[in-house]
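Right, one structure below, let's go through it.
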Amino acid sequence: MAAPWRDVVRDAAAVREAAAVAVDAALLAGGLMRNLTAVLHPCLQVVNYAPFTLLPSAVPRALFEQAYAVQQDFNLLVDAISQNKEFLEQTLASTIKVDDFTAQLFRIHTQVLEEGLAQTVFLGINRSDYMFDCGLDGTAALRQIEINTIAASFGGLTSRTADVHGLVLKVLGKTEEASQLLPNNPAKGLALGIAKAWELYGSQRAVVMFLVEEIQRNIFDQRCVENELWSRNICVIRRRFRDVFEQGSLDASRRLYMDGQEVAVVYYREGYVPQNYDQQNWEARLLLERSRAVKCPDIATQLAGTKKVQQELSRPGTLEKLLPGHPEAIARMRATFAGLYSLDKGEEGDRIAATAIADPDRFVLKPQREGGGNNLYGEELRQVLEKIKDSPERTSYILMDKIKPQPALNYLLRAHSPLQVSECISELGIFGVYVRQGQELVLNQAAGHLLRTKTIEHADGGVAAGVAVLDTPYLV
Ligand code: ADP
Ligand code: MG
């Protein structure tokens with residue numbers, strides 16, 4: 001891949017000056033996260049800038065456009081999976097025998113369907129993530145890492161990063177290149193989807209509820225979406241599962257009330273890892289799912305985003321069954337798939353497990369978890385797979401071909417970290433938004449992008465996990 005900043009990346013004086021400008025610009029633009037001190041002592045309003053790269057990273061224009069062009073297809077697919085009870089049941093059958101978290105989500109899914117859905121308007125906000133796989137001949141290909149169907153973050157803060165990078169490029173004497181950075185504001189698109197769902201829910205007095213974490217470090221990212229809603233005169237409240245357990249109720253037609261206020265839309269920024277739940281929180285989740293409120297996502301859509309579902313999608317014929325009559329959409333999606341393999345009991349699973357043990361650097365071993373830091377690579381992958389290869393636990397994982405992008409030099413700016421040049425790789429995410437009323441899809445859009453970059457020493461992990469940093473694509 002082209003290295004557009006070759007002339008400045010090793011110029012220590014220029015880099016130091018640009019970094020100082022960059023950090024102040026990020027603080028000024030509101031590219032912020034609360035640090036842990038502030039979370040533990042809320043009266044101390046201590047913030048830091050969200051970590052970001054000094055320089056925008058080169059992204060091949062054709063692959064960037066390909067990722068945008070396939071986003072509506074993925075929206076359609078996720079929505080179709082969420083409505084396909086049999087597919088979810090069959091696909092997750094082996095997983096839920098061994099993975100308690102997925103099993104609990106699935107129990108709620110089943111219970112809600114048995115009672116009959118009260119919800120008639122559906123809102124999906126997802127982010128499809130990709131890396132650029134470098135072939136032997138040096139050409140790069142777009143490869144999907146995963147689709148996040150719940151709590152996909154950084155749609156707010158990412159819009160701040162592009163402005164900062166524009167300034168950095170100017171400081172480095174690259175005014176022409178600065179003018180080529182693309183405008184990007186996913187938060188606006190996400191809010192548009194939430195507003196549409198709120199409107200279709202059809203109650204002027206009803207509010208939008210953000211379901212938030214106990215410890216809210218990434219609050220400013222969420223505020224970007226909230227403020228877009230307030231500017232449309234839609235009221236937003238922020239509550240935790242705990243609040244829902246204590247204060248939430250349903251009326252006879254299963255309208256959801258929080259502290260006496262009717263809730264039209266529940267937007268989850270929490271609830272995707274086992275640590276988010278105790279018994280009370282599970283009860284709160286069930287209450288929300290049973291309600292008429294538009295959940296973003298509903299529990300079926302959350303299940304559609306599991307790694308096991310992703311692996312099944314890559315099986316020949318699966319997409320055709322899920323989306324009959326959409327051969328072009330299917331071809332576009334399939335073109336982004338990496339090799340994915342089931343570790344279910346049986347010959348197919350035995351064979352791929354043996355292959356991965358013999359050659360672990362070709363693969364990534366993934367459990368059914370979100371949020372970064374859960375996957376296994378290299379020697380660790382080999383050891384774990386060796387240990388579980390004959391036990392039922394094996395089926396709680398999937399295997400995926402390891403994507404190998406071409407690294408580029410950059411600086412990761414992180415509070416309290418020294419300024420040093422690193423070899424970095426990037427992951428591009430495209431935000432998707434859709435709204436369905438009954439059977440009619442009334443909105444289906446790509447809403448913007450997110451580029452995250454990390455050093456090559458880290459195999460896994462996102463921005464919130466402290467590994468990757470925010471970045472801006474510079475199309476080449
Ligand atoms: P999570 O749900 O935890 O975000 P991901 O599937 O996105 O799980 O994996 C986390 C990180 O691991 C990704 O952001 C990426 O950096 C790395 N990763 C995941 N899959 C692959 C892969 N197939 N090849 C290379 N790196 C990968
Ligand atoms: Mg991920």
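Take 1 as the starting number for the sequence shown in UniProt numbering and just add one per residue.
Using N, Cα and C, we set each Cβ at its ideal position, and we do this for glycine too.
All of these numbers come straight from a predicted model, not from anything done at the bench.
Nearer than 7 Å: is that true of the beta carbon of residue i relative to any heavy atom of ligand 1?
i      : result
Ile108 : no
Ile357 : no
Arg232 : no
Glu86  : no
Asp361 : no
Arg127 : no
Val384 : no
Ala304 : no
Ala141 : no
Asp401 : yes
Ala338 : yes
Given 7 Å as the limit, tell me if residue i has its C-beta closer than that to any heavy atom belonging to ligand 2.
i      : result
Asp471 : no
Arg145 : A quick correction: the sequence has Ile, not Arg, at residue 145. Correct: Ile145 has its Cβ closer than 7 Å to ligand 2.
Gly372 : yes
Gly166 : no
Gly155 : no
Asn148 : yes
Gly462 : yes
I'd like the span of the beta strand (DSSP E) that includes residue i, first residue to last.
i      : result
Ile219 : Looking at the DSSP string, Ile219 is not in any beta strand (DSSP E); the run it does join, the alpha helix (DSSP H), is 219-231.
Arg238 : 236-239
Ile430 : 421-437
Arg34  : 32-34
Arg394 : Run containing Arg394: none; DSSP gives neither H nor E here.
Arg332 : Note, Arg332: premise wrong, no beta strand (DSSP E); alpha helix (DSSP H) at 327-334.
By the DSSP assignment, the alpha helix (DSSP H) with residue i in it spans what residues?
i      : result
Leu303 : 299-304
Tyr19  : The question names Tyr, yet the displayed sequence has Ala at residue 19. Element bounds for Ala19: 12-29.
Ser94  : 85-98
Val309 : 307-313
Thr175 : 175-178
Lys321 : 318-322
Lys454 : Note, Lys454: premise wrong, no alpha helix (DSSP H); beta strand (DSSP E) at 440-455.
Ala69  : 61-69
Mapping DSSP to helix, strand and coil, what is residue i?
i      : result
Leu169 : helix
Pro186 : helix
Leu55  : coil
Gly461 : coil
Pro418 : coil
Lys196 : helix
Glu213 : coil
Tyr272 : coil
Asn281 : helix
Asp350 : helix
> Does the pairing of the region 340-347 with the region 377-397 give three or more beta-carbon distances under 8 Å?
Replying inline: yes
> Is the region 87-103 in contact with the region 367-378, if contact means three or more CB pairs nearer than 8 Å?
Replying inline: yes
>> Does the contact criterion of 3 or more C-beta pairs under 8 Å hold for the region 230-248 versus the region 283-292?
In response: yes
> Are the region 143-150 and the region 12-24 in contact at 8 Å, needing three or more beta carbon pairs?
Replying inline: no
>> Check whether the region 436-456 and the region 185-202 are in contact - that is, three or more C-beta pairs closer than 8 Å.
In response: yes
> Does the region 81-94 touch the region 254-264, meaning 3 or more C-beta pairs lie closer than 8 Å?
Replying inline: no
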